[in-house]
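Reviewing the structure listed below.
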Amino acid sequence: MVTSQGPLQTRRRSFLGLKLHFPDASSSAERVLPAAGGLGKPKDAVESFPGARAHRRAEEAAGPPHPEMARRQDEARVGAPLRAEGGPDAEARLILYHWTHSFSSQKVRLVIAEKALKCEEHDVSLPLSEHNEPWFMRLNSTGEVPVLIHGENIICEATQIIDYLEQTFLDERTPRLMPDKGSMYYPRVQHYRELLDSLPMDAYTHGCILHPELTVDSMIPAYATTRIRSQIGNTESELKKLAEENPDLQEAYIAKQKRLKSKLLDHDNVKYLKKILDELEKVLDQVETELQRRNEETPEEGHQPWLCGESFTLADVSLAVTLHRLKFLGFARRNWGNGKRPNLETYYERVLKRKTFNKVLGHVNNILISAVLPTAFRVAKKRAPKVLGTTLVVGLLAGMGYFAFMLFRRRLGSMILALRPRPNYF
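Here you go:
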């Protein structure tokens, strides 16, 4: 059944009594849904994911829950009603499964912050491979974050989630990030949103890890690069093992394994990486030209429009998060450093001062630290013996504190060298 909500068209399927929203049939992404069973009414099924205990008996009838799902069920809380007028589900609570440092998750979380929506968030740690665990694969068979639950709807994939939020929450006090279709700004915003969202960010991310020689001032230290590279290589065997252990999810795991293998073949190809980095520059050339147009349209001193006009839009969400990721990966100097694309550089500096952006993404120097510390805590909590738990946690904290100090000292040294005058030999 295909349902239409303005420009958003999704394919809905039943999973545990909930409505799942995936891209329409024209999407190249293969969606494999595992067989569902055991959970009954839609309302109860929704409650079982965020953590209500009301459906515990039905879950027991279907089999013992995964320990991680049980933990999340115990920790979840009931959210307050949302400000919205977009339909019968508008007053239901929003629940987002995401990873704080996932590029796609960051876009969704920035939209939620810009629209000032209340949302219950659950971290699904990619470093700990929680997105591959059976409980999450049953929620989204592609095993990818983010996933949004709202009322009886499960929406997967960042673009679909953002469109859903924009079309569902229509209260006049809720900021709109997409102009009306009849507006002169609509095609402009839609063009740049699609252009920026088409960039292969996962290829840039894996590429800079596998080929750090192509980056400058990457925030990923060498030892982390080695660790991440090893983890990427282990994921394929991990998925194979999970497929054997979970027959009902075997098809989903095998499909994910094939997608991963295909991606890694491309991402480890330095010629492919250089090609897509050249294509990235062409996209940023378009953005630089568009920003220059905005400056010419509003020559007043102190007046700074955004990418497509006066308002911060979904195009700005895509651009802001993209630039932040490129900076983290070590592609900033190549694309807007040393006076290259000055409008882009000014735009990024302005974005960094935006309150919602800082709330969701923070400073680029803190990205790695904020990813490592929560992961260390969760490893200690899940795996440490009770007797040694406190000792291990203290040790991990000390190690992470030392790591944070060393990273800060490295960044401070780089800043001092950058400020120090250099002799001119030519």
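Each residue of the sequence shown is one higher than the one before, counting from 46 in the numbering used here.
Ideal Cβ positions, reconstructed from N, Cα and C, are used throughout, including at glycine.
Minimum C-alpha distance to residue i - residue among the options
i	options	result
Glu281	Arg304, Met264 and Ala269	Arg304
Asp311	Thr260, Thr250 and Gly407	Thr250
Pro220	Leu155, Asn279 and Leu244	Leu155
Arg339	Leu371, Leu141, Thr391 and Glu289	Thr391
Leu371	Glu197, Lys316, Tyr393 and Gln205	Tyr393
Gly196	Leu210, Gly382, Ser147 and Leu284	Leu210
Ala365	Thr401, Thr334, Lys286 and Gly382	Thr401
Gln331	Asp313, Thr343 and Cys353	Cys353
Tyr237	Asp361, Asn388, Lys398 and Asn383	Asp361
Arg395	Arg378, His369 and Asn383	His369
Glu475	Ile200, Ala161 and Ile194	Within the shown structure, residues of the chain are numbered from 46 to 471, placing residue 475 beyond reach of any answer.
Ala297	Lys285, Lys308 and Ile265	Lys285
Cys164	Asp323, Ile299, Leu193 and His146	Leu193
Glu335	His146, Lys398, Leu215 and Leu240	Leu240
Beta strand (DSSP E) segment containing residue i, residue limits
i	result
Glu345	No beta strand (DSSP E) contains Glu345, which DSSP labels as neither H nor E.
Asp225	Per DSSP, Asp225 belongs to no beta strand (DSSP E) and is neither H nor E.
Nonlocal neighbours in the same chain, by C-beta distance under 6 Å from residue i, ignoring five residues either side
i	result
Gly188	His176, Asn177, Met182 and Lys301
Phe357	Trp351
Pro126	Interpretation of Pro126 is limited by its pLDDT of 39, a score under 50 that renders its predicted location unreliable; the figure taken from the coordinates is listed afterwards. Excluding residues within five positions, the ones whose Cβ falls inside 6 Å are Glu136.
Gln337	Asn388
Ile200	His66, Leu193, Ile206 and Tyr209
Residue burial classification, residue i (beta-carbon count within 10 angstroms, cutoff 16)
i	result
Asn380	buried
Ser186	buried
Thr271	exposed
His348	exposed
His408	exposed
Asn198	buried
Val226	One detail in the question is off: residue 226 reads as Lys in this sequence, not Val. The residue in question, Lys226, is exposed, as its Cβ has fewer than 16 Cβ neighbours within 10 Å.
Thr213	buried
Asp168	buried
Met223	buried
Segment limits, alpha helix (DSSP H) that includes residue i
i	result
Gln156	This sequence places Val at residue 156; Gln is not what is there. Looking at the DSSP string, the run of the alpha helix (DSSP H) that includes Val156 is Phe148 to Glu159.
Ile273	Ala267 to Glu290
Leu193	It is not in any alpha helix (DSSP H) - Leu193 instead sits in the beta strand (DSSP E) that spans Val192 to His195.
Cys253	Met246 to Leu255
Leu389	Pro387 to Leu397
Leu310	Gln295 to His312
His369	Leu359 to Leu374
Same chain only: Cβ atoms within 7 Å of residue i, ignoring 5 sequence neighbours per side
i	result
Ser150	His143, Trp144, Val190 and Pro191
Leu244	Leu325, Val328 and Thr367
Val315	His256
Ala203	Ser149, Lys152, Val153 and Pro191
Ser263	Cys253, Pro257, Leu374 and Gly375
Arg386	Leu329, Glu333 and Asn380
Rounded Cβ spacing between residue i and residue j (contact assumed at less than 8 Å)
i	j	result
Thr260	Phe376	6 Å
8 Å CB neighbourhood of residue i in its chain, flanking five on each side removed
i	result
Leu294	Pro79, Pro179, Met182, Arg183, Ser186, Leu287 and Ala288
Leu359	Val156, Ile207, Glu211, Leu222, Met223, Val234 and Arg238
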